[in-house]
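Remarks on the structure that follows.
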Ligand SMILES: Cc1ncc(COP(=O)(O)O)c(C=O)c1O
């Protein structure tokens, strides 16, 4: 007998769980595991942000706020969106959420009817698929591969759109590939979306500030005035300000009924984001941002090191990440190696080749990475370079050793 609701049959447990559990048990045995799994910057939240939250706590900012968050923070976000992107939103068109994650969840719950389709380019961030399913919708994937630099074309987008399409999700820079779309590429996608006014656009801009090589950030709302009113901007403080544990994100949308519905869902579930944490976020938007440049400097150094080393490893294909802190090697070339064939023979029940590789890498070489299937792409794995260059060097050495052995 199951006590669970039917919807739980549709939601996949995270494929990262098995790897995380194995990693934890190896560490508990005192093994020196190199962790490439982190989805958060390896830097602390800047002190002035912490101080602002402490000060708010001392001042007695300990009560409920409006569900959508304190007005000064919504005003500051409205100013940020104007200053950084030239997009006009009033504070009433903004909701502060428990991370970008809750903004996305509230949105899908607010707009999806049973059977509505949501277009998600893959590889994609782990939660989009399951959130859409939980809301009763149908995820429709546009597959991309390393050979196309993990980018899809306007034609592919056009063919994915149907009368049932409710929304299209774009995450640029992307988790897990780090790939970002240029202004010109977005403009060609926008042309297709302009032909389909029934499609809402979700712009997940969470890695906006982590874009490298002098590239500038653009999203679909910025490149098309026509799409702007039916776009939901999702962003947050986790990645840019190293505030993952604070749980602070937001959504902005011109379509008042959507924002109000998101507010209602939040009001009936979690209510406002922790009050004093919101004052930390307010400080983040007003503080000196040189630490973001420092963080970027480290990320670029690590990315370049990984690019150089990984592209020399036989059987791995890499697309150069433009941003975020992930790199996503495709390992289809490795499947023909004698060692991999041996692994498959020894584990006939394992159909997920990325997971087979990651389990072997962790068990025998003590390197923890996330299998590509977690992001809807096979066979591949994600390396997060939100860890020190020394750890990265150690991890790459072990990876090289593992692959050399598979080819021998
Ligand atoms: C693409 C993407 N969107 C949204 C989120 C949610 O972040 P948070 O809820 O911490 O704001 C993440 C976190 O990993 C992410 O990678």
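Numbering (the working numbering), first residue to last: 1 to 408.
For every residue, glycine included, the Cβ atom is placed at its ideal position computed from N, Cα and C.
Since the model is a prediction, treat every value here as computed from it, not as a measurement.
Asked, Found
"Are the CB atoms of residue 127 and residue 101 within a distance shorter than 8 Å?", "yes"
"How is the alpha helix (DSSP H) around residue 230 delimited, first residue to last?", "That residue, residue 230, is in no alpha helix (DSSP H); it is neither H nor E in DSSP."
"How is the alpha helix (DSSP H) around residue 200 delimited, first residue to last?", "Residue 200 -> not in any alpha helix (DSSP H); beta strand (DSSP E) instead, spanning 200-204."
"Between the C-alpha atoms of residue 177 and residue 212, what's the straight-line distance to the nearest angstrom?", "14 Å"
"List, from N- to C-terminal side, the beta strand (DSSP E) runs of 3 residues or more that fit wholly inside the region 103-180.", "117-122, 138-143, 165-171"
"Any chance the CB of residue 175 is under 7 Å from a heavy atom of ligand 1?", "yes"
"In its own chain, which residues sit with a C-beta less than 6 Å from the C-beta of residue 218, not counting the 5 before and 5 after it?", "183, 186"
"Mind listing, in chain order, the residues whose beta carbon lies closer than 6 Å to a non-hydrogen atom of ligand 1?", "39, 99, 100, 101, 125, 171, 175, 204, 206, 236, 238, 244, 249"
"Got a sec, what are the start and stop residues for the alpha helix (DSSP H) residue 342 sits in?", "338-346"
"Helix, strand or coil for residue 368 per DSSP?", "strand"
"Name the residue from 276, 72, 99 whose alpha carbon lies nearest to the alpha carbon of residue 58.", "276"
"Tell whether a beta-carbon distance below 8 Å holds between residue 154 and residue 192.", "yes"
"What are the boundary residues of the beta strand (DSSP E) that residue 94 is part of?", "94-97"
"Here's the rule I'm using: 16 or more other beta-carbon atoms within 10 Å means buried, otherwise exposed. How should residue 3 be labelled?", "exposed"
"In terms of DSSP beta bridges, what is residue 211 paired with?", "323"
"Under 8 Å by Cβ, that's how I've got residue 376 and residue 129 pegged, so tell me the actual separation to the nearest angstrom.", "7 Å"
"Contact check, residue 105 vs residue 271 under 8 Å by CB: the rounded distance?", "Not quite, the Cβ-Cβ distance comes to about 15 Å (not below 8 Å), so this is no contact."
"Run through DSSP, which three-state label would residue 247 get?", "coil"
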